[in-house]
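Here is the structure we will look at, set down as structure tokens.
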Amino acid sequence: MYKKLLKDDLENFIFILKKFGVVHAPVREAGRVYEFTELTDSKILQLNYTRTMIPPKKFFLKPKEQLYILNRREGFKEIVDDSKIVLLGVHACDINALNLLDRIYIDQFPDRYYKTRRENTIIIGVSCKPDEYCFCTSTNSSYALEGFDLFMHEIDDSYIIRIGSLKGFQIVCESENLLAEASSNDIKEFKRAEAERLKEFTLHLNVNGIQDILDASYDHPVWQENADICFGCGSCNLVCPTCRCYDTADFLNLDLKTGVRVRRWDSCMLKQHGLVAGGLNFRPTRVERLYNRFNCKMSLSEDSLNCVGCGRCTVYCPADINFVEVLKQVGED
Amino acid sequence: MKEPASENKPKIGVFSLTGCAGDQLMILNLEDTLIELLSKFEIKSFQEASSYSENIRLDIAFVEGSVSTEHDLEKLKEIRDKSSLLVAIGDCAVNGCVQAMRNSQTSIAERMLDVYGVEDNIYRALEPKGIGEYVRVDFEIPGCPVEKEEVFNTLISLLNGDPPLIPDYPVCVECKLNGYPCVIIEEGKPCLGPIITAGCDARCPSLGLDCVGCRGPIKGETNAKAELEALRKRGYPDKYIINRLRFFAGNFPDIRILGERKNSKGEK
Amino acid sequence: MVKTLKIDELTRVEGHGGITVIIEGEKVKDVKMNIFEGPRFFESIIKTVYYDKVPDIMRRICAICTASHSLASIRAIEHAFHIQVSDQTQILRDLLIHGEIIESHALHVFMLALPDYLGYPDALKMSSEHFEIVKAALELKKAGNMIHNIISGREIHGMNERVGGFSKIPNERKLEIIKEEMLNVKKTAELSVELLARKEPPLNINSKNIFMALNPGGKYGFIGDEILISDGGKHHINDYLNIIHERTVNYSTAKISLYKNQPFTVGALARIILNKSKLEGSAKNMFKTYQALIREGNPLTNNIAQAIELVHSVERAVVLVDELLSRGVRDERLPVVNVKEARGVGAVEAPRGILYHDYTFDKYGCIVKCNVITPTAQNIASIERDYREAASSLINEDEDKIKFNLELISRAYDPCISCATHVIRLKN
Amino acid sequence: MTVKNPLTPMEAEIIRVEEMTSIEKLFYLKLTDPQIIGEFHYNPGQFLEVSVPGVGEAPISICDAQREPGQLQLCIRKVGRVTNAIHRLKEGDRLWIRGPYGNGFPMKLMENHNLLLIAGGLGIAPLRSVLQHALLYRTNYGLITVMYGVRCYSMMLFREEFIRLFREGDKLNVKFLLAYEDESDTKCYQLACERSDRCMRGLVTRLIEAATITPDNTYAVICGPPVMYKFVVRELTQRGFTPTQIYMTMERRMKCGVGKCGHCITGSSNSIKYVCKDGPVFTYWDALKTKGLM
Ligand SMILES: Cc1cc2nc3c(=O)[nH]c(=O)nc-3n(C[C@H](O)[C@H](O)[C@H](O)COP(=O)(O)OP(=O)(O)OC[C@H]3O[C@@H](n4cnc5c(N)ncnc54)[C@H](O)[C@@H]3O)c2cc1C
Ligand code: SF4
Ligand code: SF4
Ligand code: SF4
């Protein structure tokens with residue numbers, strides 16, 4: 556079941572999407588980076604964006620959020636946010652990243668906050684063109700097979716739409732008037748566009764056996780070289796769609812009885828990340844932290860990478876440390 | 005408003021050494037909660053706000069300002085002696101702030117000559133330093149000035165008997181949490197955020213400006229060389245970068261040595 | 121018999137200062153305002169700094185008039201490099217200074233001075249019996265801070281005002297909030313005038329005074345390039361060194377300024393006296409009503425002048441916001457600056473009076489010479505004259521009473537001592 | 146749909162507090178919600194996340210074996226924000242807990258084996274739960290040897306319990322050995338005079354050196370400050386213990402306890418471990434495979 560939406564009808568389509576939740580999409584205001592924000596006016600929508608600095612994970616695992624209202628006597632009262640939203644224009648890499656996050660946040664001991672918001676969010680993917688930092692074909696995440704409700708592939712003046720879920724199907728039903736059945740010609744176009752797109756990838760990383768390569772390369776000089784110019788500022792973690800460390804803290808109100816428990820994203824590149832009681836630090840130096848981060852990114856578990864090749868960590872590193880370059884150097888000798 | 009009996013209230017004092025008095029003022033800027041908050045303490049001294057002052061043992065002393073004269077030093081030692089907890093508030097008390105930016109670069113005599121036209125150190129000035137250089141400090145709240153939320157949370161923590169929570173990560177973290185574009189990357193501006201203690205919620209980058217470092221470098225984790233490298237790459241001359249690194253960190257170990265003048269003698 | 125009266129440390133003032141009065145028999149022999157705030161040598165440390173961050177350092181001279189320092193600094197740089205700014209920038213700067221005036225005057229009038237009028241050691245103690253007043257005053261102060269926050273980026277030592285304009289223009293919604301807040305606190309501002317007018321000043325002296333203030337142009341404001349003097353003199357700020365003569369004294373880290381060898385006064389009282397015709401609205405009405413209470417010879421009436429300025433600034437902020445909104449706020453990019461070897465002077469009316477920044481740059485745009493004259497430094501000579509006046513008239517009273525009154529005087533001038541120490545004398 | 150939120154703490158009442166040393170206290174807790182009590186089971190070596198509302202949360206090992214439903218004991222050293230706040234609490238006050246988390250010790254697997262428990266300082270807390278469990282089901286386990294290293298007598302935790310074992314443990318087929326560091330410690334010195342084969346001055350490794358221990362049919366279980374592991378493991382492997390015969394518990398600054406917050410991730414990419422859910426109990430084999438675990 557493939558549908559087709561004319562670009563001219565996009566605005567009407569968005570109008571229908573609004574019935575399913577508050578639509579958020581990539582926009583770029585003057586002096587800002589691309590970011591997913593509420594789409595107040597479909598004119599500001601920028602579906603052919605490169606990448607947002609902050610990945611869409613921010614909707615599920617919020618950068619900072621209050622988890623509980625707390626009370627000395629009565630304990631903890633959850634703050635649940637069950638607003639419905641529609642994320643329009645998510646790239647395949649970010650969808651795959653959410654699938655990885657789901658394994659952490661839903662599969663075992665489901666995180667109530669994450670799960671609720673995941674269930675309340677409709678994800679509409681959009682095809683993209685790589686730039687010189689994208690290497691998602693290498694991480695096998697350039698195409699999304701699951702984890703979305705609808706996926707729109709751009710061909711000429713229209714989009715071919717794949718349906719990924721029942722909710723997606725409902726949207727399609729609601730927008731009957733706007734969507735046509737994709738013809739065999741359209742499908743041909745779709746395949747051609749995908750093939751074209753694959754050709755545009757210039758950056759490749761060989762991830763074959765990378766786990767053992769990393770494990771065996773603890774002493775490689777590239778770690779120290781990069782640790783020397785690394786700030787340990789955590790930017791790479793904080794823009795990564797699959798990084799998921801967080802920290803929590805309690806704050807008391809003026810009455811000293813009530814307060815809030817908050818959590819915020821954390822980063823394994825920060826020094827205090829590896830501290831334990833008694834002041835011992837399991838990763839006291841930046842070399843150790845850098846090494847750890849690359850390892851963590853190359854393995855979520857024995858069967859999966861923890862990187863979707865979005866290129867953010869390279870683009871948003873103020874010290875210009877190049878993720879792929881480092882891995883290549885480690886792999887080469 | 006039920007208050008604890010006065011004998012149970014912690015006795016506190018707010019003192020200031022050499023600085024702009026901005027941190028005391030920041031306490032007064034807690035307009036919404038000021039009266040109620042302060043009523044939970046017994047204020048024994050608060051020079052900027054009150055004529056009332058009592059010279060007794062304190063549970064907590066808050067000290068702003070740097071040690072810049074021998075008079076400051078005497079006063080500081082006296083405060084330390086009579087206080088159970090000593091909390092440094094603001095960059096002056098923590099690092100010495102802007103007045104320390106020329107430490108190990110120019111001598112007091114030169115500065116005297118520049119400003120007052122005489123070389124004699126008639127004000128018994130010392131090379132400005134944070135109070136931790138002279139006495140034991142229990143907690144440090146960074147910032148020029150301190151953030152009022154941080155002051156509030158610190159006071160609440162101390163009231164509750166807990167050590168205050170002070171960020172130990174850089175401003176970049178706050179840029180990312182807020183989704184502010186990185187001004188180094190997007191605009192090539194000489195931002196010090198990567199090495200500066202967070203807590204301001206990335207005020208400067210939020211306005212499209214580069215952080216000048218007013219909250220001071222992160223203790224134990226400041227890669228000044230990396231900053232030098234990153235800004236050199238973007239075309240800034242060394243002199244410019246070093247001046248800038250020194251603005252709020254003239255005493256900071258890794259930064260003090262940058263641009264050090266070999267024959268400067270510091271005080272006296 | 122020689123008697124020395126000493127107040128070791130003034131309280132409820134900004135910074136560290138004391139007073140020494142030496143009395144010989146029935147005569148006041150000497151008075152000194154001692155300032156032992158540590159010197160911070162701004163003029164020296166700022167050398168070699170590239171112009172772009174000069175205001176960020178220089179504003180840290182003082183917390184309470186931080187925006188005045190930054191604007192004086194910015195204007196000196198703009199004058200040096202011939203940078204023109206847009207009308208929008210000018211309005212926003214005006215608004216910012218009004219915010220500072222509100223914050224500073226509210227703090228001073230209610231928290232620092234009023235307790236003297238009502239007989240309390242501080243506002244907190246005062247709040248136990250006048251809770252509503254203190255609360256309202258805090259609201260007023262907060263409103264001033266809010267302007268700071270929105271326009272400058274922080275209550276103290278903000279960063280948004282830059283050479284050539286603003287880094288980020290506040291959006292219209294935020295400006296509307298400012299307006300709402302101003303309308304809310306207007307009553308409190310007016311209350312400040314009435315409270316002070318209700319009481320005779322706790323001390324009555326009458327000294328001969330010369331006043332100086334900047335010419336704000338068409339409207340009563342705080343930014344200008346011309347110095348007005350109560351003897352009729354008018355000078356461009358570039359000539360400030362020909363008008364104000366400074367000398368160092370060994371008992372103070374601040375310096376004494378004189379005009380034609382006479383003490384002179386800057387600040388709210390000076391501004392009201394020199395620019396009263398430009399007051400508008402209720403500030404104007406209140407001035408008319410209480411005109412008689414404003415006595416040129418009594419520095420304590422500075423408090424009521426401040427209160428009238430409070431009313432004015434609250435009203436003026438509303439007008440400025442309306443003006444911005446009716447023009448529509450525009451995003452403006454900061455201009456490209458062409459640095460060169462140059463000198464520039466900038467002046468602003470800080471809450472306590474005229475503030476001068478004077479920089480000389482090398483061809484790379486780095487500072488080679490810097491001079492700052494703060495309002496408190498200009499006022500010290502007047503403060504000492506008034507000490508003498510007061511001490512002489514009270515010479516037969518007991519010591520505590522004299523001391524109390526001397527403190528009153530210094531507080532009335534609202535001295536900002538951390539500012540004062542950064543006064544710089546140029547070597548000739 | 147009411148999914149249980151694993152991050153929400155449950156209320157527990159402090160039913161007793163014992164001061165053990167100048168920095169450690171033993172807290173007896175009882176869950177207050179009768180509905181939860183029935184479901185609340187824990188195994189030796191598991192831990193809780195303990196909250197003081199408004200102060201924060203910290204992971205703490207349960208230090209006893211489960212007997213009464215809904216009851217448990219925590220031995221807590223005050224080192225910082227949360228632990229200090231806990232120390233301020235008294236009988237009748239509330240604590241908020243969630244868990245139990247972690248894998249715990251493989252008590253089933255270790256059945257019919259001898260147990261060698263080696264602890265340093267506060268590390269005795271989780272090992273005490275192993276010991277209690279083994280004593281509770283005494284017939285399921287062989288000889289139990291406890292080696293405990295302390296700085297001095299006054300820093301020794303669960304003193305009475307262990308001194309009793311020291312003197313009378315033979316009846317239970319439990320050998321208790323004590324090592325102390327402080328040479329001026331007269332109390333320990335007296336114990337050493339009493340039974341020099343069971344109490345000696347030095348680090349806990351001294352005890353291993355002095356004892357005749359064989360790896361046959363034995364599991365070693367270690368817990369103590371991180372520096373201790375390396376030395377103890379060396380002693381054990383020299384005596385022929387294989388890496389899977391050695392168990393140890395690890396510590397990290399964990400914030401969630403349920404494998405989310407990422408703080409306890411260790412290892413390189415070919416073996417990634419979460420201390421909270423894969424541990425805190427690991428074999429030495431895990432440690433060998435997993436970089437940085439130890
Ligand atoms: C599985 C496990 C079991 C533990 N069992 C016990 C026990 O039975 N008894 C006991 O007294 N302690 C135990 N700890 C240690 C205890 O968790 C820490 O002492 C406690 O978290 C410190 O918290 P705090 O807020 O009091 O200290 P903080 O003020 O946070 O800091 C004090 C020191 O502790 C470190 N620290 C902070 N948070 C943690 C954390 N979550 N985990 C480890 N270190 C941290 C800090 O880096 C600092 O060095 C255990 C830790 C783990 C991981
Ligand atoms: S590691 Fe870098 S490239 Fe990989 S997903 Fe994270 S940010 Fe993207
Ligand atoms: S703008 Fe500055 S603080 Fe923010 S991310 Fe970039 S370097 Fe870090
Ligand atoms: S961004 Fe930097 S300079 Fe700006 S307020 Fe924060 S710490 Fe200070």
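Protein chains in written order, with the numbering used here: chain W, 556 to 888; chain A, 5 to 272; chain E, 121 to 548; chain H, 146 to 439.
Think of the CB as a built atom: it goes at the ideal place given N, C-alpha and C, for glycine as much as any other residue.
What you are looking at is a predicted structure, and each value in this text was computed from that prediction instead of being measured.
Contact check, residue i vs residue j, beta carbons under 9 Å
| i | j | result |
| --- | --- | --- |
| E:Ala427 | E:Ile393 | no |
| E:Asn326 | E:Glu527 | no |
| H:Ala270 | H:Ser206 | yes |
| E:Glu469 | E:Ser188 | yes |
| H:Val195 | H:Leu219 | yes |
| E:Leu232 | E:Leu315 | no |
| H:Ser414 | W:Phe849 | yes |
| E:Ser139 | E:Ile127 | The sequence shown places Ile at residue 139 of chain E, not Ser. Yes. Within cutoff. |
| H:Arg346 | H:Tyr364 | no |
| W:Ile784 | W:Ile659 | no |
| H:Thr428 | W:Phe837 | no |
| A:Val216 | E:Lys173 | yes |
| E:Ile88 | E:Leu444 | Shown here, chain E extends from 121 to 548; a query on residue 88 of chain E therefore has no answer. |
Proximity test, Cβ basis, 9 Å: residue i and chain W
| i | result |
| --- | --- |
| A:Ile31 | no |
| H:Val195 | no |
| A:Ala206 | no |
| A:Cys215 | no |
| H:Val200 | yes |
Proximal residues to residue i (C-beta, below 6 Å), its chain only, five neighbours per side dropped
| i | result |
| --- | --- |
| E:Lys319 | Tyr237 |
| E:Pro336 | Gly344 |
| W:Asp645 | Note on identity: in this sequence residue 645 of chain W is Val, with Asp being the wrong assignment. Within the same chain, W:Val645 has close Cβ partners Pro611, Ile678, Gly680. |
| W:Phe724 | Ile718 |
| W:Lys812 | Arg627 |
Chain E within 9 Å of residue i, Cβ atoms only
| i | result |
| --- | --- |
| A:Pro257 | no |
| A:Asp63 | no |
| A:Ile261 | no |
Min CB distance residue i to chain A below 9 Å
| i | result |
| --- | --- |
| W:Gly829 | no |
| H:Gly404 | no |
| H:Pro154 | no |
Residues near residue i by beta carbon distance below 8 Å, same chain, minus five either side
| i | result |
| --- | --- |
| H:Glu380 | Thr350, Ile353, Glu354 |
| W:Glu593 | Val577, Val578, His579 |
9 Å Cβ cutoff, residue i in contact with chain H
| i | result |
| --- | --- |
| W:Arg667 | yes |
**Residues of the region 163-186 of chain A whose Cβ lies closer than 7 Å to any Cβ of chain W, in chain order** = Leu163, Asn164, Leu169, Asp172, Tyr173, Pro174, Cys176, Val177, Lys180, Leu181, Gly183, Pro185, Cys186
For the region 222-244 of chain H, which residues have a CB atom closer than 8 Å to at least one CB atom of chain A, in sequence order?
Gly225, Arg226, Asn229, Ala230, Arg233
Legend entry - Chain-ordered residues of the region 169-193 of chain H with a beta carbon less than 8 Å from chain A: none
Can you pull every residue whose C-beta falls closer than 7 Å to some heavy atom of ligand 3, listed in chain order? W:Cys788, W:Ser790, W:Pro873, A:Pro174, A:Val175, A:Cys176, A:Cys179, A:Lys180, A:Tyr184, A:Cys186, A:Val187, A:Ile188, A:Ile189, A:Cys195, A:Gly197, A:Pro198, A:Ala206, A:Pro209, A:Asp214, A:Cys215
The region 172-183 of chain E: positions lying closer than 8 Å to chain A by Cβ | Lys173, Asp176, Ile177, Arg180, Ile181, Cys182, Ala183
**Prompt:** Can you list every residue whose CB sits closer than 5 Å to some heavy atom of ligand 1, going in chain order?
**Reply:** W:Leu830, W:Val831, W:Ala832, W:Gly834, H:Phe192, H:Ala203, H:Pro204, H:Ile205, H:Ser206, H:Ile221, H:Arg222, H:Val224, H:Gly225, H:Arg226, H:Val227, H:Thr228, H:Ala270, H:Glu396, H:Arg398, H:Pro425
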